[in-house]
Amino acid sequence: MKRIRKTHPPREFLEWLKENEGLDCSYAALQGKEPYTIFKNYLLREQGFLCAYTGVSISEEDSHIEHIKPQTVCRKVPNPGNSYLEDVEYRNMVACFPQDGGDVSHGYGAPIKGGWWNEEQFVSPCQEDCERRFIYGWRGKVSPAQENDNAANTTIDILQLNAKRLQDRRYRAIVGFFGFSSKRKTKELSQREAKALLAIIGKPNSRGNFQEFCFVFEQLLPRYIK
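Numbered per the UniProt record's numbering, the sequence shown spans residues 1 to 226.
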């Protein structure tokens with residue numbers, strides 16, 4: 001999980017909220033409107049085109065807007081001091097894989113979480129310490145960084161972050177990144193290359209994209225260098 005640094009929503013989204021003040025200012029009313037598309041693309045750029053929960057690369061075509069606090073438990077009346085509903089709260093929305101937020105066929109991520117919610121037992125990608133709460137192994141498995149971190153344990157289970165398909169995908173990415181495969185013609189990453197990559201792996205490229213599972217490599221590179 002890579003931390004998402006929330007700042008301010010796009011102007012078009014704020015204008016839509018203002019225009020619909022006192023009217024139907026809900027997520028359902030937002031969908032299908034131009035500000036919705038602008039807002040979704042904004043979330044993708046904000047996250048460097050990584051799924052908020054799994055870290056897989058995503059685009060507009062294979063992602064959906066996810067409510068960290070599910071819509072089913074969002075407040076049904078406007079928040080105090082606001083005229084809009086909780087399900088259009090900018091800080092509660094992120095972009096996630098897959099396109100259909102209800103498609104559980106992949107076996108992991110947002111669709112598996114569904115309507116479950118326990119704020120104290122869920123590590124949100126918007127939390128400042130979220131990256132430090134998990135540790136990744138060379139085989140692609142994720143574990144809580146602290147054994148007694150119940151929220152990290154629960155988050156792994158609720159999102160099925162160790163589902164075979166996702167763990168295998170992380171493992172293949174690790175093998176490719178470090179050049180471990182005997183079938184590859186390229187040699188393993190040198191110490192010099194590893195140190196150079198460590199300095200830039202947590203940064204987006206010129207198009208604003210983070211490398212898929214960059215947060216995993218950021219943890220493994222120092223171990224590899226040692």
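Positions of the beta carbon are idealized from the N, C-alpha and C atoms, including for glycine.
All figures in this text were calculated on a predicted structure; none of them were measured in a lab.
Am I right that Trp117 and Val73 are in contact with their C-beta atoms under 8 angstroms? What's the rounded C-beta distance? 5 angstroms
Are the CB atoms of Val94 and Ile174 nearer to each other than 8 angstroms? no
Sequence-distant residues of its chain with Cβ nearer than 7 angstroms to Arg133 (five each side left out): Val123, Pro144, Ala145, Asp149, Ala152
Considering only the beta carbon of each residue, do Glu188 and Phe177 sit closer than 8 angstroms? no
Is Tyr84 helix, strand or coil when you go by DSSP? coil
Given that a residue counts as buried once 16 or more other Cβ atoms are within 10 Å of its Cβ, and exposed if not, what is Arg170? buried
Counting C-beta neighbours from all protein chains within 10 Å, is the total for Ala199 16 or more, i.e. buried, or is it exposed? exposed
Any beta carbon of chain D sitting closer than 8 angstroms to that of Glu46? Among the chains in the structure shown there is no chain D, since it carries only a single protein chain.
Per DSSP, residue 228 is paired with what? The requested residue 228 is not part of the displayed model; the chain covers only 1 to 226.
Cβ neighbour criterion (16 or more within 10 Å) applied to Pro111: buried
As a quick exercise: from Ala194, Asp100, Lys18, pick the residue whose alpha carbon is nearest that of Asp62. Asp100
First through last residue of the beta strand (DSSP E) which encompasses Cys96: 93-96
The alpha helix (DSSP H) with Gly46 in it runs from where to where? The amino acid at residue 46 is misidentified as Gly; the sequence shows Glu. Segment 34-46, the alpha helix (DSSP H) holding Glu46.
Kindly indicate the opening and closing residues of the beta strand (DSSP E) around Tyr108. Unbroken run through Tyr108: none, as it is neither H nor E.
Just how far apart, CA to CA, sit Lys164 and Gln219? 21 angstroms
First and last residue of the alpha helix (DSSP H) that includes Pro222? 214-225
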